[in-house]
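A.B. asks: There's a structure below that I have some questions on.
Number of protein chains: 2
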Amino acid sequence: MVTTLTPSTQDYLEVILQLSNGDRAVRITDIAKSLNITKASATQAIDILIDEGLVLKEKYGPVTFTGKGELEATKVKKTHKIIREFLTKVLQVDLEIADKDACLIEHVISPQSIAGMVAFLEKGNYEISDDLNLQKALVLLYSDQEDKQ
Amino acid sequence: MVTTLTPSTQDYLEVILQLSNGDRAVRITDIAKSLNITKASATQAIDILIDEGLVLKEKYGPVTFTGKGELEATKVKKTHKIIREFLTKVLQVDLEIADKDACLIEHVISPQSIAGMVAFLEKGNYEISDDLNLQKALVLLYSDQEDKQ
DNA sequence: AAAATATGTTAGGCTTCCCTAACATATTTA
DNA sequence: TAAATATGTTAGGGAAGCCTAACATATTTT
Chain A
1 MVTTLTPSTQ DYLEVILQLS NGDRAVRITD IAKSLNITKA SATQAIDILI DEGLVLKEKY
61 GPVTFTGKGE LEATKVKKTH KIIREFLTKV LQVDLEIADK DACLIEHVIS PQSIAGMVAF
121 LEKGNYEISD DLNLQKALVL LYSDQEDKQ
Chain B
1001 MVTTLTPSTQ DYLEVILQLS NGDRAVRITD IAKSLNITKA SATQAIDILI DEGLVLKEKY
1061 GPVTFTGKGE LEATKVKKTH KIIREFLTKV LQVDLEIADK DACLIEHVIS PQSIAGMVAF
1121 LEKGNYEISD DLNLQKALVL LYSDQEDKQ
């Protein structure tokens, strides 16, 4: 089964990895709080992750990863980190905004684009220039509505 | 009403703009074909766009933009173009993949990150270097699962 | 240990966005 | 112009992912 994980599933995995922090027991309540959803929704979602062989859980017990689940969670986390770093270091986006963008982009971006970011970051010789006038670019961005293609 | 447009709505606007190409009549059938959905789904979606004041349409007639709809469509298109150009020119992603990524990222990325891309592209002095070894980066990307944070 | 609180589950419902099937209208072709 | 085809609509349904309300179990506090 080559199940492609949905954005929702990836978010759950990411939060579980975050909360486990190596070894801590991960509870439904904590997952729900982290994702700003109800416990009922978390329970239901975790049932799906169990069906997909990504996590394990006994009734009323904590959530733990399977090998597959931990691998997937780590991939998502890594992708998130690359995007966040690229946005902050190369495009000089504020950390908070970069992190939110990464949260969403991580679910849809191609491996090739991620690879491009990695290669760019590793190259290292992008100068951190203050002539990236973001404020100006932002203001002008959608003001010239008439330009072509 | 400060309606935030959903990704789906933005996709419809983008396709309608594409199909209209200035002045051509845009038909439900063409929208459905472009988005790979059924005509029934297109009809239903267009009804929603009408409710939101983004397009106009009479029974059995063609779809046309309102001012608001055309403005929104143009914004989405512009965002798409910026992302695609950034991915191809700066990160050297293949055009086809860059275009697909742009299709998805355009719905979730912040104005600040877009502004960062614009500023970067306008700066123009990113060298188009062949030491962005994408293939290598791609292979290595998810292979070192044990590294921290 | 009984009561209070925290945690987890179940059932039923809602919205979005897609679907199929059946039907209605418009246009083209013979 | 009648038949065939293309186009558009309507009705009903389904999966995903959330919700509330009610209930069940576990844990903590008194």
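Here the protein sequences line up with chains A and B, keeping their order.
Taking our numbering, I'd label the letters of the first sequence as residues 1 to 149.
Taking our numbering, I'd label the letters of the second sequence as residues 1001 to 1149.
Yeah, the Cβ is synthetic: ideal placement off N, Cα and C, and Gly gets one too.
1. Give every residue of the same chain whose Cβ lies closer than 7 Å to the Cβ of Thr1006/B, excluding the five residues on either side of it in the sequence, and list them in chain order.
2. Helix, strand or coil, according to DSSP, for Val15/A in the structure here?
3. Chain B beta carbons: is any one of them nearer than 9 Å to that of Leu19/A?
4. Looking only at C-alpha atoms, which of Glu58/A, Val63/A and Gln10/A sits nearest to Gly22/A?
5. Who are Phe1065/B's beta bridge partners in DSSP?
6. What are the complete alpha helix (DSSP H) segments, minimum 4 residues, inside the stretch 88-124 of chain A?
7. According to a CB-to-CB cut-off of less than 8 Å, which residues of the stretch 100-111 of chain A neighbour chain B?
8. Of all the options Asn36/A, Lys39/A and Glu85/A, which has the alpha carbon lying nearest to the alpha carbon of Glu122/A?
9. Is Asp1101/B closer than 9 Å to Ser113/A when the C-beta atoms are compared?
10. Looking only at its own chain, which residues have a Cβ that is under 7 Å from the Cβ of Ile1105/B, when we skip the five neighbours before and after it?
11. Using the beta-carbon of each residue, which ones in chain A are nearer than 8 Å to Ile1097/B?
12. Can you give me the Cβ contacts of Gly53/A inside the same chain, cut-off strictly under 7 Å, excluding the 5 residues immediately before and after it?
13. Under 9 Å, do Leu1013/B and Ala1073/B count as touching if we go by C-beta distance?
C.D. replies: Once the coordinates are examined:
1. No residues qualify anywhere along the chain.
2. helix
3. no
4. Val63/A
5. Val1055/B
6. 95-105 and 111-123
7. Lys100, Asp101, Leu104, Ile105, Val108, Ile109, Ser110 and Pro111
8. Comparing Cα-Cα distances from Glu122/A to each of Asn36/A, Lys39/A and Glu85/A, the minimum goes to Glu85/A.
9. yes
10. Ile1083
11. Ser110, Gln112 and Ser113
12. Residues Thr66 and Lys68 of the same chain have their beta carbon placed closer than 7 Å to that of Gly53/A, with the five preceding and five following residues left out of the count.
13. yes
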